[in-house]
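Read the structure below first, then the notes.
Structure below.
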């Protein structure tokens, strides 16, 4: 791990210990196993056919949460909220770029996602990621523009469109996040309980602290590797609670 990822992992492990949660650092072979054993064919195809490795990371966070529920965090972010509530769907928002006409606008982000297992909103997000990839992967304007392509196909721009167009927005819990800071880990320290403190005063009010880490903006992130054989040991899936249907049919819990 890079120093940034290592400090982030330590901070989230400490968060999990404080709140009696299980911390899981997902490895590539475990992710590939989960997809091949549990995902529908259309989602496996989407995962295999992306242009950049980070797009697989975007996709898998929503599928992991659909199967297990809980909190997903990238390794370039740090918790500043004492306890994130387990809600149907929670996403981050941050201020738009200063170059935009209205800097006060907030943009959706997916660096930290909270969700319950089997959530129909996660299914809608994954379906729309698949549609966006099918539409935009042959668009010539994205050939030399890695960052916009990622953002508008599997990244936060597309997720934000889904949240708003499908009417999910009123049901989403929003966590505040700063605009990413360069070399953030150099200004952080962990106390005895693993809580993170920062020497950067401007990020202190936010629920999530984000560092600047854009690996997909380099040529090294192209051509994701083939899927690993599905042999990794996966955590046990949570037991589904039985429930009685009264009048209305609830949304299906699978992705098919």
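In the working numbering, the protein residues as written are 157 to 412.
Backbone N, C-alpha and C fix where the C-beta goes; we use that ideal spot for every residue, glycine too.
Please read all numbers here as calculations on a predicted model, not as lab measurements.
Is it buried or exposed, residue i, if we count other Cβ atoms within 10 angstroms and call 16 or more buried?
i	result
residue 158	exposed
residue 304	exposed
residue 186	buried
residue 162	exposed
residue 341	buried
residue 344	buried
residue 122	Not covered by the structure: residue 122. The range shown for the chain is 157 to 412.
residue 223	buried
residue 235	buried
residue 214	buried
residue 218	buried
residue 173	exposed
residue 366	buried
Using only alpha-carbon positions, find the residue among the options that is nearest to residue i.
i	options	result
residue 308	287, 279, 177	287
residue 336	205, 231, 178, 194	231
residue 202	330, 382, 344, 352	382
residue 349	161, 163, 165, 171	171
residue 282	390, 199, 368	199
residue 165	356, 211, 181	181
residue 334	249, 290, 184	249
residue 355	323, 339, 368	339
residue 275	359, 301, 243, 209	243
residue 322	280, 362, 302	280
residue 393	273, 301, 207	273
residue 410	359, 195, 388	195
Less than 9 Å between the C-beta atoms of residue i and residue j, yes or no?
i	j	result
residue 237	residue 269	no
residue 233	residue 364	yes
residue 326	residue 266	no
residue 245	residue 216	no
residue 112	residue 328	A question about residue 112 goes unanswered here, because the residues of the chain that appear run from 157 up to 412.
residue 211	residue 310	yes
For residue i, I'd like the list of residues in its chain whose CB is within less than 7 Å of its CB, leaving aside the five on either flank, ordered along the chain.
i	result
residue 221	228, 269, 271, 278
residue 204	383
residue 298	292, 304, 305
residue 390	186, 189, 190
residue 261	252
For the beta strand (DSSP E) containing residue i, name the first residue and the last one.
i	result
residue 234	233–235
residue 329	329–332
residue 316	Not the beta strand (DSSP E): residue 316 falls in the alpha helix (DSSP H), residues 312–321.
residue 229	226–229
residue 264	262–271
residue 364	364–366
residue 248	245–251
residue 352	352–354
residue 411	Segment: none, residue 411 is in no beta strand (DSSP E) and carries neither H nor E.
In the DSSP assignment, find the alpha helix (DSSP H) that holds residue i and state where it starts and stops.
i	result
residue 291	276–292
residue 165	159–174
residue 417	Residue 417 lies beyond the stretch modelled for the chain, which goes from 157 to 412, so this question has no answer here.
residue 99	Past the edges of the chain, shown from 157 to 412, lies residue 99, and the structure says nothing about it.
residue 303	302–309
Spatial neighbours of residue i within its chain, please: CB distance less than 6 Å, with the 5 preceding and 5 following residues excluded, ordered by chain position.
i	result
residue 316	264
residue 193	386
Among the residues of its own chain, which have a CB less than 8 Å from the CB of residue i, if the five just before and after it don't count?
i	result
residue 239	175
residue 314	284, 285, 288, 307, 308
residue 169	179, 350
residue 347	353
residue 376	Here the model assigns residue 376 a pLDDT of 49, short of 50, so the residue's position is not dependable, and the following value carries that caveat. Nothing listed; no residue qualifies.
residue 324	245, 277, 280, 318
residue 332	248, 249, 250, 361, 362, 363, 364
Of all the CB atoms in chain D, is at least one closer than 9 Å to the CB of residue i?
i	result
residue 230	Chain labels in this structure do not include chain D; a single protein chain is all it has.
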